[in-house]
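Here is the structure we will look at, set down as structure tokens.
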Amino acid sequence: MFAHPNSVYRSYFRQLLSSLVVWTNSAAWNLIRNVTYVFFLVSGLLLIAIFLKKAKDSDWKNEILAVNCAWTAFVLQASLVFGLQWEAFDVWITTPSIVEMFFWGTIILSAASVLLLTPFRWARWFGYVVSWIFLVGNFVGFYMMLKYSILYLNPFPSLTAVVVITGLVALYSFHRERLSSLRLFSRGKELKENGRRLKGILTSPKVLTVVLALVLLPSSLAFFQPYNQWARAEGGKTDEFYTGVSFCGRTAEQAKRLIDRVKDFTNVFVVQSLPISYDEEALNEICDYAVASGLSVIVYFSIFDEYWQINWLDSAEARWGEKFLGVYLFDEPGGLQLDRPEQIGRPPGGSIAEYSDAANWFYNGFWNYRTRSDLRMLKMRSIKAYVSDYALYWFDYNVGYDAVFVQVGWNQSRQLHIALCRGAANMYDRDWGVIVTWTYSTQPYIESGEELYNDAVLAYDNGANYVLIFNYPYASNATYGILEEEHLEAMSNFWDYTKQNPRPNEVNDAVAYVLPENYGYGFRGPNDKIWGRFEADAITNQICVDLNSLLLQFGTRLDIIYEDELLSHSLVTARYNEIFMWNETK
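Numbering (my numbering), first residue to last: 3 to 588.
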């Protein structure tokens, strides 16, 4: 909260510094921050050691309560700054009110820990009340984090559990020795006897050490567990069909003009604008207008690095109901893995020796990296997560996306990439779609109206749930971005095509080609890489020959899937009439 190690966001203190035009990303600031936190970490551990040693000494009751207040403040800071319990705290710290509450809570705890060391009676009372308030708060927080841990198989909130235990011990010790002497509470004989027994148990340094060890040590192992639990949660495949255009402009007025032009032949509007994703007022204005025009909306965010964005997620469904389809989060994760793997980094030691290592590192990126792990924000709220990509669609679904849009328009085999994405969607029981992107790197950028229509029909006839048009760049003097009248007419004709050609009920005549497990090949030509790190191997050429032959033979009936130990054989055989293995066994 005071200083997130690698980001300017979710840091109340850093926001205050930013308002004073203090640059907090400098090497000097990083050094000061790291030295400060290491110092307080060591100090905190020493104080806890004193706590354990002196727990039975009645002359140290004030000090024990003071240490516990300081310890609670430290745990709160360490959880946010060092990433401990990050996934649990991150759900609530993104709103301004919660950030301020944590900030002032830390100040109050620090003040209480100091005042408890003074001889004033009112100071002891202040520390006592503060300790009770934060103990109750920690109980509530522990319950919420434990629920999150169970639902999403995340690490146990060990630090919060330790704080609850130490808080109980400190309060009991203080309550027994101080308040009884002031005769502020009356106790019955039974309560006294139970209290003595409880004290004997909880204030024993040996017992307390064992309890803390049992909480901390096993749960520490959970921080190393692989994470890809979302993808095979409850299924989300639907029969719904949406077609529309993305808006990549900068103003609400541009968006409204585009909505007015396309609302009669589309049913979804994708707000795919980075500037708008940082402008709450403009975003709400656009979504309100689109929904009022009869369109559903999908909203793009690169990451959640503004406090209002999480509040917005919490209120979107209530505001727009079923018209709010979900969030387009991040972009091209599979393509980035192939073309710029260095941006994803390397595991400790820098060793990615096997395809499985690369696959696990790809999955873990959505668990560990600040720029990707916001996918959890959507999963906790049951909000659909969308993304477009041009490779590794299977692995996009594996990390948790609910629908992936195949990018078409560039020089690739459309049917091959549709087979890859649709096969993944079918096995993960998810929706899929197509987004028509650039054909040229300069004007006119997009393909002709006739080609756009053909691509849209191809996607529809292949069973896509979404057919979208990528509308970027959006010049300030452009009426509808890069879309000309020929493209708008093609979209209108495609709308008519979908109404005149309702898709028949699914017929089980599909066939599948099964790739090796974790085989992250890009399928963009003989020089493409595997996971962006390995050259094509001995089986690549044969796989490509097989797929070309099968595409000629089966066309739109072919899906491409992967070997996966988590997929049951019955699931695959129930969906496909014929199954072709990469090693030529059937």
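Just so you know, even glycine gets a beta-carbon here, dropped at the ideal spot from N, CA and C.
When secondary structure is reduced to three states using DSSP, Thr500 falls in the helix class.
Under the DSSP assignment, Ile437 falls in the beta strand (DSSP E) whose first and last residues are Asp433 to Val438. Looking at Leu297, Asp398 and Phe407, the one whose alpha-carbon comes closest to that of Thr268 is Leu297. With respect to the 8 Å criterion, Glu242 and Asn467 are classified as neighbours on the basis of their beta carbons.
Setting aside the 5 residues that flank it on each side, Ser353 is surrounded in the same chain by Asp359, each with a C-beta closer than 8 Å to its C-beta; the list follows chain order.
For Gly522, no beta strand (DSSP E) segment is defined, and its DSSP state is neither H nor E. The shortest C-alpha to C-alpha distance from Phe397 to any of Asp566, Glu586, Ala125 and Val574 is the one to Asp566. By the CB criterion at 8 Å, Ser304 and Lys265 fall outside the cutoff. For Asp341, the enclosing alpha helix (DSSP H) has its first and last residue at Pro335 to Asp341.
Beta-bridge pairing by DSSP links Ile261 to no other residue. Glu449 sits buried, since 16 or more C-beta atoms from the chains shown fall within 10 Å of its C-beta. Going by DSSP, Lys239 is part of no alpha helix (DSSP H) at all; its letter is neither H nor E. In chain order, Tyr244, Thr245, Gly246, Leu297, Ser298, Val299, Ile300, Leu327, Tyr468 and Leu470 place their CB closer than 8 Å to the CB of Val270, counting only its own chain and leaving out the 5 sequence neighbours on each side. A Cβ-Cβ separation of about 5 Å places Leu380 in contact with Ala387 under the 8 Å criterion. Contact between Glu287 and Ala318 is ruled out by a C-beta separation of about 14 Å, above the 8 Å threshold.
In the displayed model, Gln414 falls within coil according to three-state DSSP, outside both helix and strand. Membership of Ile288 in the alpha helix (DSSP H) is indicated by the continuous run Glu282 to Ala294.
With contacts defined by Cβ atoms closer than 8 Å, Ala512 and Asn464 do not form a contacting pair. Taken through DSSP and simplified to helix, strand or coil, Ile541 comes out as coil. The region 115-173 is shown to contain whole alpha helix (DSSP H) runs of 4 or more residues at 123-154, in chain order. Using a Cβ distance threshold of 8 Å, Ser133 and Asn64 do not count as a contacting pair. Here Leu490 is buried, its C-beta having at least 16 other C-beta atoms within 10 Å. Trp73 and Met103 have their alpha carbons spaced roughly 18 Å apart. Trp363 is classed as buried because its beta carbon has at least 16 other beta carbons within 10 Å across all chains shown. Looking at the backbone, the Cα of Gly425 and that of Val77 are separated by about 46 Å. No Cβ-Cβ contact shorter than 8 Å links Ala405 with Ile562. If you ignore the 5 residues before and after Leu118, its C-beta comes within less than 6 Å of the C-beta of Asn64, Leu67, Ala68 and Gly129, all in its own chain and listed in chain order. Between Trp497 and Ile545 a beta carbon distance of about 38 Å is seen, past the 8 Å cut, so the two are scored as non-contacting. Only buried fits Lys325, as 16 or more other CB atoms lie within 10 angstroms of its CB. Minimum Cα-Cα distance from Val401 among the listed residues Phe144, Pro335, Thr444 and Ser443 corresponds to Pro335. Below 8 Å, too few C-beta pairs join the region 270-280 and the region 481-488 to call them touching: fewer than three. Beta-bridge annotation (DSSP): Ala387 is paired with Val329. Contact annotation: Arg432 and Gly238 have beta-carbon atoms nearer than 8 Å. Where Gly246 is concerned, the enclosing beta strand (DSSP E) starts and stops at Tyr244 to Phe249. Annotated three-state conformation of Tyr357 is helix, per DSSP. Sequence-distant partners of Thr439 (beyond 5 residues in either direction) whose C-beta falls short of 6 Å from its own C-beta, in its chain, are Gln409, Gly411 and Phe472.
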